[in-house]
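Below: the structure, in structure tokens.
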Amino acid sequence: MSSSLLTDAVPNPGGSGSKPAQSFLDVRDLRIHFKTDDGIVKAVDGLTFQLERGQTLGIVGESGSGKSVTSLGILGLHRRGSAQISGEVWLDGEELIGAAPERVRLLRGNKMSMIFQDPLTAMHPYYTIGAQIIEAYRVHHKVSKSEAKKRAIEMLDRVGIPQPQRRVDDYPHQFSGGMRQRAMIAMSLVNNPELLIADEPTTALDVTVQAQILDLIRDLQSEFNSAVIIITHDLGVVAEVADDILVMYGGKCVEQTTAEAIFRRPEHPYAWGLLSSMPRVDREVRDRLVPIKGNPPSLINLPSGCSFHPRCPYVQRNGIPCKTVEPTLAEGTPEHGVACHIPPAERNAIFKSDIAPNL
Amino acid sequence: MINYILRRLVTAALLIVAVSMVTFAIFFLIPKAAHADPAEMYVGKSATPRDVEATRVKLGLDKPIYIQYTKFVKGLVVGRDYNSGPTVTHCSAPCFGYSFRTDREVWPLLLDRLPVTISLAIGAALMWLIGGVAGGVISALRRGKFSDRAVMVLALAGVSLPVYFTGLVFQSLFVHEWKIFKGGEYINFVDDPLGWANKLFLAWVSLALLFAANYARLTRATMLETLGEDYIRTARAKGLKERVVVGKHAMRAVLTPIVTIFGLDLGTLLGGAILTERVFSLPGIGKLSVDAVTQKDLPIILGATLFASFFIVMANLIVDLLYAVIDPRVRLS
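One line per chain: the protein sequences are C and U, in this order.
Using the numbering used here, the first residue of the first sequence is number 1, and each one after it goes up by one.
Using the numbering used here, the first residue of the second sequence is number 360, and each one after it goes up by one.
Have a look at this one:
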């Protein structure tokens with residue numbers, strides 16, 4: 001794996017004066033806060049990660065853990081008025097958070113693009129699929145409509161839509177769910193983006209189509225050598241496609257490592273919870289799935305110390321300061337960051353005795 | 360799509376037939392129930408019973424109601440002859456009968472008044488459509504800011520102030536006090552376009568204020584809702600300029616409800632804007648109907664009512680067809 005995880009686990013204090021990163025995508029201490037009447041919602045609070053071309057990063061977490069907010073933040077899709085954004089996002093040596101909105105707009109849909117969760121609501125119901133893809137292409141390319149249409153048909157063909165010449169003039173409601181997601185992917189890829197963010201790309205689809213869509217994203221990625229971020233709450237999805245995994249909880253990263261490691265030896269109790277609540281078809285149905293107790297935390301009023309502590313079954317063993325001191329990813333190793341106060345040896349022991357047998 | 364149009368056309372035709380039946384029943388059955396005699400209304404109080412009887416026969420009022428209705432419809436379609444013994448008067452199609460008061464055919468009377476009503480309606484409609492939608496969009500984009508509040512206060516004022524207030528105030532200020540606009544008789548567009556606009560301008564503004572308020576509020580609400588849609592986020596994610604996102608992607612969705620109420624409002628107004636026409640003494644269909652009511656001139660009331668309902672049904676039809684143009688999802692169902 002070429003992506004250098006955790007070279008920068010400690011928030012960079014340098015601010016915007018710091019040097020451009022070596023990685024293709026380098027997110028440093030990203031914070032996205034929203035002012036509301038009830039207080040400040042810290043949707044993303046100090047997120048740091050790197051991603052190289054050709055690599056896939058899976059961001060995993062419950063609803064409200066800040067996954068989608070992160071991706072919209074990278075693309076600059078938050079309204080400046082309501083969202084307070086700080087930190088740095090370096091894309092191919094260019095910083096985006098402090099950049100002019102017009103500059104980010106030119107990159108959006110072009111160098112970096114996004115696949116949205118529900119293609120029925122994410123595509124405009126009043127325009128044909130073709131018109132929407134043509135529009136996406138022509139924003140960033142000075143070409144005629146007929147050339148753009150040729151490109152749209154080519155893209156529809158590329159994502160596996162049969163009879164693309166005919167279907168290009170169909171409206172989104174005339175497509176099935178899986179076809180619509182393919183069309184959405186065609187639209188996102190029409191400008192050969194170098195960074196592709198897929199926000200729950202398969203959640204709205206049935207299982208048989210899910211695998212096809214993931215295959216498609218993987219194929220296209222290897223073809224264009226793009227960097228891909230897959231956002232999901234489904235560990236099964238990331239197991240299939242991701243090289244690295246970032247587990248988010250309450251707007252922060254709690255575990256960051258390779259996809260292989262997260263399944264072989266996950267270290268954070270929250271990751272254990274996610275794995276234990278994942279249904280497995282390759283096993284006998286002996287027991288019920290083990291859910292994570294409680295609800296996701298309020299992002300306005302995060303629990304003190306480790307924000308997972310109210311739901312953590314191993315809280316305050318041996319007087320560990322779970323409730324008072326906030327753990328950082330440095331509690332793990334540079335290759336496997338874990339924001340948990342339980343000593344590594346003990347984490348290992350708990351996993352082996354309590355968790356692994358039930359997975 | 361052809362199927363859809365055909366179905367809508369048939370529905371519209373049936374609706375007009377139904378409306379004509381109901382209107383006819385109201386105007387010829389209710390006087391009967393109230394022991395008022397249309398024939399007596401026609402000839403006036405000083406007439407002899409023989410005159411009344413002759414008129415009853417001439418107008419066919421002695422026949423049962425369904426025969427009267429059939430004759431009425433026949434008159435509308437192919438014209439009708441009124442036989443009063445020695446003389447036969449022919450009323451060519453579409454025949455709405457003769458005015459009780461002036462003995463003139465109703466249809467030419469209506470046609471005469473129509474240009475005035477159309478001038479008033481179209482001019483006002485353009486004003487409120489442009490003003491209302493623009494106000495609503497500005498309001499939505501600058502939500503919570505001063506311009507939003509200003510537009511909404513204006514809208515509240517506009518919808519609360521009746522035409523007989525704004526119209527009179529405007530006239531007294533702009534015509535009598537400051538002499539910016541001329542009062543006086545209505546001028547035909549073909550005779551003097553500038554004079555026509557001059558005479559109508561204040562009427563347009565008064566009427567437009569009333570409607571623009573609703574359009575501004577509807578536009579604002581729909582725009583705010585639309586801007587929260589996923590496909591608007593997608594449009595931004597494509598890298599489109601904000602102008603295109605709002606002006607093309609969002610406006611397309613905002614148009615749907617606007618087109619609906621615009622069609623209906625315009626249709627209603629083409630049947631006559633009673634208050635505005637009276638306040639600005641415009642000789643339109645609204646004024647004709649009001650005068651007819653005060654003079655108990657049944658054929659004109661019946662004619663004007665059917666005329667107005669025809670416009671409303673047509674407006675509905677056009678809105679339905681436009682819907683299919685705007686929203687591709689309608690075409691399938």
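We put the CB at the ideal spot given by N, CA and C, even for glycine.
Alpha-carbon spacing of residue i relative to residue j, whole angstroms
i        : j        : result
U/GLY543 : U/ALA651 : 23 Å
C/PHE175 : C/VAL168 : 11 Å
U/GLY494 : U/LEU515 : 13 Å
C/CYS367 : C/ARG108 : In the structure as shown, chain C begins at 1 and stops at 359. Residue 367 of chain C is therefore absent and cannot be evaluated.
U/ILE617 : U/LEU577 : 8 Å
C/ALA227 : U/ILE677 : 51 Å
U/LEU614 : U/ARG688 : 15 Å
C/ASP29  : C/GLN50  : 11 Å
C/ARG311 : C/ILE292 : 7 Å
U/ALA452 : U/VAL549 : 27 Å
C/SER276 : C/PHE263 : 11 Å
U/VAL369 : C/SER113 : 49 Å
U/ASN362 : U/ALA371 : 14 Å
U/TYR545 : U/ILE633 : 16 Å
U/ASP410 : U/VAL402 : 7 Å
U/ILE671 : U/ILE489 : 22 Å
U/ASP507 : C/PRO297 : 36 Å
C/LEU120 : C/ARG103 : 29 Å
U/ILE659 : U/ALA667 : 12 Å
C/SER82  : C/LYS35  : 6 Å
C/GLN117 : U/MET486 : 42 Å
U/PRO467 : U/ARG366 : 32 Å
C/LEU196 : C/ILE320 : 40 Å
U/LEU469 : U/GLY434 : 16 Å
U/VAL475 : U/SER648 : 14 Å
U/ALA384 : U/PRO390 : 10 Å
C/TYR314 : C/HIS268 : 10 Å
C/THR258 : C/VAL338 : 12 Å
For residue i, the residue or residues it bridges with in DSSP
i        : result
C/ALA198 : C/ILE115 and C/ILE230
C/LYS252 : C/TYR249
C/LYS108 : Per the sequence presented here, residue 108 of chain C reads as Arg, with Lys not at that position. DSSP lists C/MET112 as partners of C/ARG108.
C/GLN84  : C/HIS33
C/LYS42  : C/HIS33
U/CYS450 : U/ARG439
C/LEU25  : C/LEU51 and C/LEU91
C/VAL237 : Its beta-bridge partners do not exist; DSSP assigns none.
C/GLY58  : C/ILE230 and C/ILE245
C/VAL338 : C/GLU255
Burial state of residue i, where buried means 16 or more other Cβ atoms lie within 10 Å
i        : result
U/TYR425 : exposed
U/TRP312 : There is no way to answer for residue 312 of chain U, as the model of chain U reaches only from 360 to 692.
C/SER304 : exposed
C/THR333 : exposed
C/PRO371 : Not covered by the structure: residue 371 of chain C. The range shown for chain C is 1 to 359.
U/VAL376 : exposed
C/ARG180 : buried
C/ILE133 : buried
C/GLY245 : Just to set this straight, residue 245 of chain C is Ile in the shown sequence, not Gly. C/ILE245 comes out buried.
C/ASP215 : exposed
U/PHE768 : Outside the modelled stretch of chain U, which goes from 360 to 692, sits residue 768 of chain U, for which no answer is possible.
Secondary structure of residue i, DSSP reduced to three states
i        : result
C/LEU47  : strand
U/LEU420 : coil
C/SER4   : The predicted model places C/SER4 with a pLDDT of 43, which falls under 50 and marks its position as unreliable, so this point remains unresolved.
U/LYS655 : coil
C/LEU220 : helix
U/ILE489 : helix
U/GLU464 : strand
C/ASP354 : helix
U/TYR457 : strand
U/GLY495 : helix
U/PHE669 : helix
C/ARG79  : coil
Residue i CB to nearest heavy atom of the ligand PLP below 7 Å
i        : result
U/GLY606 : Because no ligand of any kind appears in the structure shown, any question about the ligand PLP cannot be addressed here.
Contacts of residue i in chain B (Cβ-Cβ under 9 Å)
i        : result
C/MET123 : In summary, chain B is missing from the structure at hand, where the protein chains are C and U.
Any contact of the stretch 226 to 245 of chain C with the stretch 151 to 161 of chain C, i.e. 3+ C-beta pairs under 8 Å? no
Cβ pair count under 8 Å reaching 3, the stretch 85 to 102 of chain C against the stretch 561 to 571 of chain U: no
Take every Cβ of the stretch 219 to 234 of chain C, pair it with every Cβ of the stretch 55 to 62 of chain C, and state whether three or more of those distances are shorter than 8 Å. yes
Mind the definition here: the stretch 575 to 589 of chain U touches the stretch 549 to 559 of chain U only if three or more C-beta pairs lie below 8 Å; say whether that holds. no
Would you call the stretch 638 to 645 of chain U and the stretch 582 to 601 of chain U in contact, with 3 or more CB pairs under 8 Å? no
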